[in-house]
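Straight run, no breaks: the sequence shown in this note's numbering ends on number 357.
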Amino acid sequence: MSNLILPSLEISRFRAFEHLQIDHLNRVNLIVGKNNVGKTSLLEAIQLYARNGSPKFILELLEARDEKQVANLNNLSAIDFQDILPGLKYIFFGRKEITNLLETVRIGPVNDPNKTLTLTIGGFDFLNTVDDQGPRLSIHLGQQQLVNFSIHSSTYPRLPLTELKGIPCISISSNGLSRRLIGGLWDNIALTSLEQEIRAALQLIAPGTEAIGFVGDPLSGSGRIPIVKINNIEEPLPLRSLGDGMQRLFGIVLALVNARNGLLLIDEFENGLYYTVQPDVWRLIFQLARRLNTQVFATTHSWDCIEAFQKAAQEDTQDGALLIRLENIKGKIVPTLFDERKLGIATRDHIEVR
Numbered sequence: 004m005s006n007l008i009l010p011s012l013e014i015s016r017f018r019a020f021e022h023l024q025i026d027h028l029n030r031v032n033l034i035v036g037k038n039n040v041g042k043t044s045l046l047e048a049i050q051l052y053a054r055n056g057s058p059k060f061i062l063e064l065l066e067a068r069d070e071k072q073v074a075n076l077n078n079l080s081a082i083d084f085q086d087i088l089p090g091l092k093y094i095f096f097g098r099k100e101i102t103n104l105l106e107t108v109r110i111g112p113v114n115d116p117n118k119t120l121t122l123t124i125g126g127f128d129f130l131n132t133v134d135d136q137g138p139r140l141s142i143h144l145g146q147q148q149l150v151n152f153s154i155h156s157s158t159y160p161r162l163p164l165t166e167l168k169g170i171p172c173i174s175i176s177s178n179g180l181s182r183r184l185i186g187g188l189w190d191n192i193a194l195t196s197l198e199q200e201i202r203a204a205l206q207l208i209a210p211g212t213e214a215i216g217f218v219g220d221p222l223s224g225s226g227r228i229p230i231v232k233i234n235n236i237e238e239p240l241p242l243r244s245l246g247d248g249m250q251r252l253f254g255i256v257l258a259l260v261n262a263r264n265g266l267l268l269i270d271e272f273e274n275g276l277y278y279t280v281q282p283d284v285w286r287l288i289f290q291l292a293r294r295l296n297t298q299v300f301a302t303t304h305s306w307d308c309i310e311a312f313q314k315a316a317q318e319d320t321q322d323g324a325l326l327i328r329l330e331n332i333k334g335k336i337v338p339t340l341f342d343e344r345k346l347g348i349a350t351r352d353h354i355e356v357r
């Protein structure tokens, strides 16, 4: 699968990963493992890579985990660097205080320095800087410098929260997509053939689904509300009134069709989805991911989800599935890979892989 954005993955000194190396990846990748082994952190690392180490995304990461509280993040174009410096330690392995020693995160394909993202911070002891640049935050993709935020005085300047053009990437949290994001993603595909893909997906749960629309003020704080028309019901219904499964399925497929030539990340895939519908959802993901050239990474704790994934993968003729088990062995996170054959054996013999 040479056209994959990430044919392999190497992560160094990011969150729980001192060094994680996954020698090959597939079109659709399911990540499993016990709590606190880095499943969500792996998704974060991939998103950080896709967004070229965007300072704004770094701040979003800190805010999402209560590692740094920032009000009205969407309205900020810059922030006082000294306000976020204490929180930055959380994205580096070991969570050590940022001092004059350089800390560097590396994310990218294995043994491909030209496509490796490096994020370096350090030199914040003004009496003992580590090089002639002094304190700095620098971000590179290969040899290309994306950010070089140097500080040459005792007054910390404001860090511009600019987005860096990267790889299309949509991330779905365990709680789903926000209303505002859902509205924007729908506008991207409204009245196109991709809209029909979403309607067909919803029919997996509600076969009578005829149409989808949105109501509400796009400028309001709450965003617009998705509604659906069900046959034999005169008035359209709010999508949420049809249950968590419909809401989750809608978010997954809407994100997938918007991630063309990019990445889709799904945390806790099974949330809201009844086990009997999961094989059909995985089948749809395999089909659309290949057609739209999208690479998918999802996490789960559910054995039902693993069995559904294996069943859909077995039926897929393109060998596009991989299960990645993360395990903490003596303080080091180690991956074990299950291709479709090994995964089939594991599910047949009920071998615990979660």
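Don't be surprised by glycine CBs; every beta carbon is placed ideally from N, CA and C.
Pair within 8 Å by beta-carbon distance, E200 and V280: no
If we call anything under 8 Å between Cβ atoms a contact, is R3 one with A292? No answer is possible for residue 3: the residues shown for the chain start at 4 and end at 357.
How long is the line joining the alpha carbons of Q250 and L149, rounded to whole angstroms? 37 Å
To the nearest angstrom, report how far apart L266 and P10 are at their CA atoms. 12 Å
Buried/exposed call for G179, threshold 16 Cβ in 10 Å: buried
What is the DSSP secondary structure of A324, reduced to helix, strand or coil? strand
Say whether the stretch 293-311 touches the stretch 54-64, bearing in mind that this needs 3 or more beta-carbon pairs closer than 8 Å, one atom from each stretch. no
Return the CA-CA distance between F96 and A48, expressed in angstroms with no decimal places. 12 Å
Could I get the ranges of all uninterrupted alpha helix (DSSP H) runs contained in the stretch 233-271, with 4 residues as the minimum, in chain order? 247-261
So for F96, helix, strand or coil by DSSP? coil
Collapsed DSSP secondary structure at T195 in the structure displayed: coil
Taking C-beta to C-beta, are G111 and E13 nearer than 8 Å? yes
N296 versus F289: straight-line alpha-carbon distance, rounded: 10 Å
Within 10 angstroms of the Cβ of G323, are there 16 or more other Cβ atoms? Answer buried if so, exposed if not. buried
List the endpoints of the continuous alpha helix (DSSP H) containing Q50. 42-53
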